[in-house]
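Enquirer: According to this note's numbering, the sequence shown is numbered sequentially starting from 2. Where is the CB? At the ideal position from N, CA and C, for every residue including glycine. The model shown is predicted, which means the values in this text are computed figures rather than measured ones.
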Amino acid sequence: MDGFNRKVVKIGTITVLCAIVANFLPVLYLWIVYGEIPTGSQLASILSMIFAASAVSWIVQPLSYYGGLGMVGTYISWISGSAADIRLPSINMAQKVTNTEANTPEGDAIGAMALSASVFTTVGIISVFAVVGSRIIPLLPEVITQSFTYMQPALFAAVFVNMAVKNLKPGFTTLALGLLCCFALPQLGLSTAWLTLIVVVGGLVIGILFARKGARKTAPGSK
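If you want it as C-alpha coordinates, here you go:
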(Lines of atoms letter the chains of each structure in order from A; the text may use other names.)
(Lines give C-alpha, C1' and ligand atoms only; values in the text may rest on other atoms or scores of the structure.)
Protein backbone atom coordinates (compact mmCIF):
# COMPACT_ATOMS: atom_id res chain seq x y z
CA MET A 2 0.00 0.00 0.00
CA ASP A 3 2.90 2.35 0.73
CA GLY A 4 4.22 1.85 -2.80
CA PHE A 5 0.79 2.64 -4.21
CA ASN A 6 0.52 5.81 -2.14
CA ARG A 7 3.95 6.97 -3.29
CA LYS A 8 2.87 6.54 -6.91
CA VAL A 9 -0.36 8.44 -6.20
CA VAL A 10 1.59 11.33 -4.69
CA LYS A 11 4.03 11.39 -7.61
CA ILE A 12 1.37 11.27 -10.33
CA GLY A 13 -0.97 13.58 -8.41
CA THR A 14 1.72 16.19 -7.88
CA ILE A 15 2.63 16.19 -11.57
CA THR A 16 -1.00 16.50 -12.70
CA VAL A 17 -1.78 19.28 -10.21
CA LEU A 18 1.30 21.23 -11.33
CA CYS A 19 0.22 20.78 -14.96
CA ALA A 20 -3.26 22.05 -14.04
CA ILE A 21 -1.73 25.11 -12.35
CA VAL A 22 0.28 25.89 -15.48
CA ALA A 23 -2.81 25.33 -17.67
CA ASN A 24 -4.73 27.91 -15.63
CA PHE A 25 -2.41 30.59 -16.97
CA LEU A 26 -2.82 29.63 -20.64
CA PRO A 27 -5.94 31.82 -21.20
CA VAL A 28 -4.07 34.75 -19.65
CA LEU A 29 -1.09 34.16 -21.90
CA TYR A 30 -3.42 33.95 -24.90
CA LEU A 31 -4.98 37.33 -24.07
CA TRP A 32 -1.53 38.83 -23.57
CA ILE A 33 0.06 37.42 -26.74
CA VAL A 34 -2.92 37.80 -29.10
CA TYR A 35 -4.61 40.95 -27.79
CA GLY A 36 -1.82 42.57 -25.78
CA GLU A 37 -3.98 42.77 -22.65
CA ILE A 38 -2.18 42.30 -19.33
CA PRO A 39 -3.05 43.60 -15.84
CA THR A 40 -0.75 46.13 -14.21
CA GLY A 41 1.22 45.32 -11.08
CA SER A 42 -1.22 47.21 -8.86
CA GLN A 43 -4.19 45.43 -10.43
CA LEU A 44 -2.56 42.05 -9.89
CA ALA A 45 -1.81 42.92 -6.26
CA SER A 46 -5.41 44.02 -5.72
CA ILE A 47 -6.80 40.85 -7.30
CA LEU A 48 -4.47 38.60 -5.31
CA SER A 49 -5.30 40.35 -2.04
CA MET A 50 -9.05 39.90 -2.66
CA ILE A 51 -8.56 36.23 -3.52
CA PHE A 52 -6.45 35.72 -0.40
CA ALA A 53 -9.00 37.45 1.83
CA ALA A 54 -11.88 35.42 0.40
CA SER A 55 -10.20 32.02 0.09
CA ALA A 56 -7.31 31.79 2.57
CA VAL A 57 -9.38 30.01 5.21
CA SER A 58 -10.73 27.49 2.68
CA TRP A 59 -7.18 26.61 1.60
CA ILE A 60 -6.72 25.14 5.07
CA VAL A 61 -10.25 24.03 5.91
CA GLN A 62 -11.23 22.22 2.72
CA PRO A 63 -8.30 19.75 2.56
CA LEU A 64 -8.82 18.95 6.25
CA SER A 65 -12.58 18.62 5.79
CA TYR A 66 -12.67 16.48 2.67
CA TYR A 67 -9.57 14.28 2.89
CA GLY A 68 -11.21 11.74 5.20
CA GLY A 69 -13.98 11.15 2.67
CA LEU A 70 -12.11 11.67 -0.58
CA GLY A 71 -8.94 9.75 0.21
CA MET A 72 -5.60 10.45 -1.41
CA VAL A 73 -6.61 9.72 -5.01
CA GLY A 74 -9.90 11.56 -4.63
CA THR A 75 -8.21 14.63 -3.18
CA TYR A 76 -5.92 15.06 -6.18
CA ILE A 77 -8.68 14.46 -8.73
CA SER A 78 -11.20 16.65 -6.92
CA TRP A 79 -8.86 19.60 -6.69
CA ILE A 80 -8.28 19.40 -10.43
CA SER A 81 -11.86 18.76 -11.54
CA GLY A 82 -13.60 20.85 -8.86
CA SER A 83 -16.97 20.36 -7.11
CA ALA A 84 -15.33 18.39 -4.31
CA ALA A 85 -18.12 18.94 -1.79
CA ASP A 86 -21.26 18.87 -3.88
CA ILE A 87 -20.44 16.12 -6.42
CA ARG A 88 -17.20 14.20 -5.74
CA LEU A 89 -17.68 13.50 -2.03
CA PRO A 90 -21.31 12.30 -2.35
CA SER A 91 -20.29 10.08 -5.29
CA ILE A 92 -17.56 8.40 -3.27
CA ASN A 93 -19.75 8.11 -0.20
CA MET A 94 -22.61 6.46 -2.10
CA ALA A 95 -20.29 4.05 -3.95
CA GLN A 96 -18.70 2.93 -0.67
CA LYS A 97 -22.13 2.52 0.89
CA VAL A 98 -23.44 0.40 -1.99
CA THR A 99 -20.34 -1.82 -2.02
CA ASN A 100 -20.24 -2.01 1.80
CA THR A 101 -16.67 -0.73 2.01
CA GLU A 102 -15.20 1.68 4.54
CA ALA A 103 -13.41 4.94 3.81
CA ASN A 104 -9.65 5.08 4.39
CA THR A 105 -9.20 1.38 3.65
CA PRO A 106 -7.51 -0.06 0.53
CA GLU A 107 -10.85 -1.37 -0.72
CA GLY A 108 -12.69 1.87 0.06
CA ASP A 109 -10.01 3.98 -1.62
CA ALA A 110 -10.16 1.82 -4.76
CA ILE A 111 -13.98 2.01 -4.93
CA GLY A 112 -13.86 5.74 -4.22
CA ALA A 113 -11.30 6.37 -6.95
CA MET A 114 -13.42 4.54 -9.53
CA ALA A 115 -16.61 6.31 -8.44
CA LEU A 116 -14.95 9.71 -8.51
CA SER A 117 -13.43 9.12 -11.94
CA ALA A 118 -16.84 8.09 -13.27
CA SER A 119 -18.41 11.20 -11.74
CA VAL A 120 -15.89 13.40 -13.56
CA PHE A 121 -16.82 11.93 -16.96
CA THR A 122 -20.52 12.15 -16.09
CA THR A 123 -20.42 15.77 -14.98
CA VAL A 124 -18.31 16.82 -17.96
CA GLY A 125 -20.95 15.33 -20.25
CA ILE A 126 -23.85 16.90 -18.36
CA ILE A 127 -22.15 20.28 -18.12
CA SER A 128 -21.39 20.20 -21.84
CA VAL A 129 -25.08 19.63 -22.58
CA PHE A 130 -26.32 22.27 -20.15
CA ALA A 131 -23.77 24.77 -21.41
CA VAL A 132 -25.55 24.56 -24.75
CA VAL A 133 -29.21 24.21 -23.75
CA GLY A 134 -29.27 25.10 -20.04
CA SER A 135 -29.60 28.83 -20.53
CA ARG A 136 -32.84 28.17 -22.44
CA ILE A 137 -34.27 25.53 -20.08
CA ILE A 138 -33.70 27.13 -16.66
CA PRO A 139 -35.82 30.26 -17.34
CA LEU A 140 -38.72 27.93 -18.21
CA LEU A 141 -38.62 26.17 -14.83
CA PRO A 142 -41.06 27.21 -12.08
CA GLU A 143 -39.69 29.75 -9.61
CA VAL A 144 -40.07 27.31 -6.72
CA ILE A 145 -37.57 24.97 -8.43
CA THR A 146 -35.02 27.64 -9.31
CA GLN A 147 -35.13 28.98 -5.74
CA SER A 148 -34.51 25.48 -4.38
CA PHE A 149 -31.09 25.41 -6.08
CA THR A 150 -29.87 27.64 -3.24
CA TYR A 151 -30.34 24.80 -0.75
CA MET A 152 -28.75 22.07 -2.87
CA GLN A 153 -25.23 22.24 -1.44
CA PRO A 154 -26.29 22.47 2.24
CA ALA A 155 -28.60 19.49 1.67
CA LEU A 156 -25.74 17.46 0.18
CA PHE A 157 -23.47 18.36 3.10
CA ALA A 158 -26.21 17.31 5.54
CA ALA A 159 -26.81 14.01 3.72
CA VAL A 160 -23.11 13.12 3.78
CA PHE A 161 -22.82 14.13 7.44
CA VAL A 162 -25.83 12.05 8.50
CA ASN A 163 -24.56 9.01 6.59
CA MET A 164 -21.24 9.28 8.43
CA ALA A 165 -22.70 10.23 11.81
CA VAL A 166 -25.00 7.20 12.08
CA LYS A 167 -21.90 4.99 12.11
CA ASN A 168 -20.59 6.83 15.20
CA LEU A 169 -23.50 8.54 16.90
CA LYS A 170 -21.73 10.04 19.92
CA PRO A 171 -19.00 11.97 18.05
CA GLY A 172 -21.53 12.79 15.33
CA PHE A 173 -24.05 14.38 17.69
CA THR A 174 -21.28 16.09 19.67
CA THR A 175 -19.91 17.69 16.50
CA LEU A 176 -23.44 18.72 15.49
CA ALA A 177 -23.93 20.32 18.91
CA LEU A 178 -20.64 22.18 18.47
CA GLY A 179 -21.80 23.51 15.10
CA LEU A 180 -25.13 24.70 16.51
CA LEU A 181 -23.37 26.34 19.44
CA CYS A 182 -21.01 28.18 17.08
CA CYS A 183 -23.94 29.34 14.91
CA PHE A 184 -25.46 31.13 17.90
CA ALA A 185 -22.28 32.10 19.79
CA LEU A 186 -20.08 33.55 17.03
CA PRO A 187 -22.43 36.44 16.12
CA GLN A 188 -22.89 37.24 19.81
CA LEU A 189 -19.11 37.42 20.23
CA GLY A 190 -18.80 39.67 17.19
CA LEU A 191 -16.83 37.07 15.22
CA SER A 192 -17.30 36.46 11.53
CA THR A 193 -19.16 33.32 10.51
CA ALA A 194 -16.16 32.62 8.25
CA TRP A 195 -14.64 31.03 11.38
CA LEU A 196 -17.58 28.63 11.70
CA THR A 197 -16.29 26.02 9.25
CA LEU A 198 -12.75 26.10 10.62
CA ILE A 199 -13.89 25.74 14.24
CA VAL A 200 -16.32 22.92 13.45
CA VAL A 201 -13.80 21.03 11.30
CA VAL A 202 -10.96 21.27 13.83
CA GLY A 203 -13.38 20.65 16.70
CA GLY A 204 -14.85 17.64 14.89
CA LEU A 205 -11.37 16.20 14.39
CA VAL A 206 -10.56 16.64 18.08
CA ILE A 207 -13.91 15.14 19.12
CA GLY A 208 -13.38 12.15 16.82
CA ILE A 209 -9.88 11.55 18.20
CA LEU A 210 -11.07 11.77 21.81
CA PHE A 211 -13.94 9.32 21.26
CA ALA A 212 -11.64 6.95 19.33
CA ARG A 213 -9.10 6.95 22.16
CA LYS A 214 -11.86 6.41 24.70
CA GLY A 215 -13.15 3.45 22.69
CA ALA A 216 -9.63 2.04 22.35
CA ARG A 217 -9.12 2.19 26.12
CA LYS A 218 -12.39 0.34 26.71
CA THR A 219 -11.46 -2.46 24.30
CA ALA A 220 -7.84 -2.71 25.46
CA PRO A 221 -6.85 -5.97 27.22
CA GLY A 222 -7.30 -5.69 30.98
CA SER A 223 -9.79 -2.80 30.75
CA LYS A 224 -12.96 -3.05 32.80
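Within 10 angstroms of the Cβ of R88, are there 16 or more other Cβ atoms? Answer buried if so, exposed if not.
Expert: As a position in the sequence shown, residue 88 is number 87, starting the count at 1. By the Cβ neighbour-count rule, R88 is buried, with 16 or more other Cβ atoms within 10 Å of its own.
Enquirer: Leaving out five residues on either side along the sequence, give the residues of the same chain with a beta carbon under 8 Å from the beta carbon of I60.
Expert: Position 59 of the sequence shown, counting from 1, holds the residue named residue 60. For I60, the CB contacts under 8 Å within the same chain, skipping 5 residues up- and downstream, are L198 in chain order.
Enquirer: Is it right to say V73 is buried, meaning 16 or more other beta carbons lie within 10 angstroms of its own, or is it exposed?
Expert: The residue labelled residue 73 in the question sits at position 72 within the sequence shown. Buried, since its Cβ has 16 or more Cβ neighbours within 10 Å.
Enquirer: By Cβ distance below 8 Å, which residues in the same chain neighbour G71 in space, the five residues on each side in sequence not counted?
Expert: Within the sequence shown, the letter at position 70 stands for residue 71. Cβ within range, chain order: I92, A103, N104, G108, D109, G112 and A113.
Enquirer: For E107, which of helix, strand or coil comes out of DSSP?
Expert: Within the sequence shown, residue 107 is the residue found at index 106, counting from 1. In the structure shown, E107 sits in a helix (DSSP, three-state: H, G or I).
Enquirer: Taking DSSP as the reference, what is the three-state secondary structure of L210?
Expert: Sequence index remark: in the sequence shown, residue 210 carries index 209 (1-based). If DSSP states are grouped into helix, strand and coil, L210 belongs with the helices.
Enquirer: Going by alpha carbons, who is nearest to M94 out of M50, A131 and V160?
Expert: The residue you call residue 94 lines up with position 93 of the sequence shown. For the residues M50, A131 and V160, the minimum Cα distance to M94 belongs to V160.
Enquirer: Does the Cβ of A131 have 16 or more other Cβ atoms within 10 Å, making it buried, or fewer, making it exposed?
Expert: Within the sequence shown, residue 131 is the residue found at index 130, counting from 1. Exposed, since its Cβ has fewer than 16 Cβ neighbours within 10 Å.
Enquirer: Going along the chain, which residues of its own chain have a beta-carbon closer than 8 Å to the beta-carbon of V200, five neighbours each way excluded?
Expert: Translated into positions along the sequence shown, residue 200 becomes position 199. The residues are T175, L178, G179 and C182.
Enquirer: In this structure, does DSSP put P39 in helix, strand or coil?
Expert: The residue you call residue 39 lines up with position 38 of the sequence shown. Note: P39 maps to coil in three-state DSSP.
Enquirer: Closer than 6 Å by C-beta to Y76: which residues in its own chain qualify, once you throw out the five before and the five after it? Chain order, please.
Expert: Indexing the sequence shown from 1 puts residue 76 at position 75. If we look at Y76 and ignore the five residues flanking it on each side, its Cβ neighbours are G13.
Enquirer: Please state whether DSSP places T101 in a helix, a strand or coil.
Expert: Translated into positions along the sequence shown, residue 101 becomes position 100. DSSP places T101 in coil when its eight states are reduced to three.
Enquirer: Would you report the Cα separation of W195 and V10, rounded to the nearest angstrom?
Expert: The residue given as residue 195 occupies position 194 in the sequence shown. The residue given as residue 10 occupies position 9 in the sequence shown. Cα-Cα distance, rounded: 30 Å.
Enquirer: Mind listing, in chain order, the continuous alpha helix (DSSP H) runs of no fewer than 4 residues lying wholly within the segment 51 to 99?
Expert: 89 to 98
Enquirer: So is Q43 buried or exposed if we call it buried at 16+ other beta carbons inside 10 Å?
Expert: Translated into the one-based positions of the sequence shown, residue 43 becomes position 42. Classification of Q43: exposed, given that the 10 Å Cβ count is below 16.
Enquirer: Using the Cα positions of I21 and A45, report the straight-line distance between them to the nearest angstrom.
Expert: As a position in the sequence shown, residue 21 is number 20, starting the count at 1. As a position in the sequence shown, residue 45 is number 44, starting the count at 1. So the alpha carbons of these two residues sit roughly 19 Å apart.
Enquirer: Helix, strand or coil for F25 per DSSP?
Expert: Taking the first residue of the sequence shown as 1, we reach residue 25 at position 24. In the structure shown, F25 sits in coil (DSSP, three-state: anything other than H, G, I, E or B).
Enquirer: Using a C-beta cutoff of 8 Å, does A95 count as contacting chain B?
Expert: The chain labelled as chain B is not found in the depicted structure, where only one protein chain is given.
Enquirer: Using a Cβ-Cβ cutoff of less than 6 Å, which residues in the same chain neighbour S65 once the five nearest sequence positions on both sides are dropped?
Expert: Counting from one through the sequence shown, the residue named residue 65 turns up at place 64. The residues are V201.
Enquirer: Buried or exposed for P106, please, with buried defined as at least 16 other CB atoms from any protein chain shown within 10 angstroms of its CB.
Expert: Locating residue 106 in the sequence shown gives position 105, where the first residue counts as 1. Looking at its Cβ environment, which holds fewer than 16 other Cβ atoms inside 10 Å, P106 is exposed.
Enquirer: Compute the distance between the beta-carbons of K97 and N163, then report whether it is under 8 Å.
Expert: Indexing the sequence shown from 1 puts residue 97 at position 96. Indexing the sequence shown from 1 puts residue 163 at position 162. Yes, these two residues count as a Cβ contact at 8 Å.
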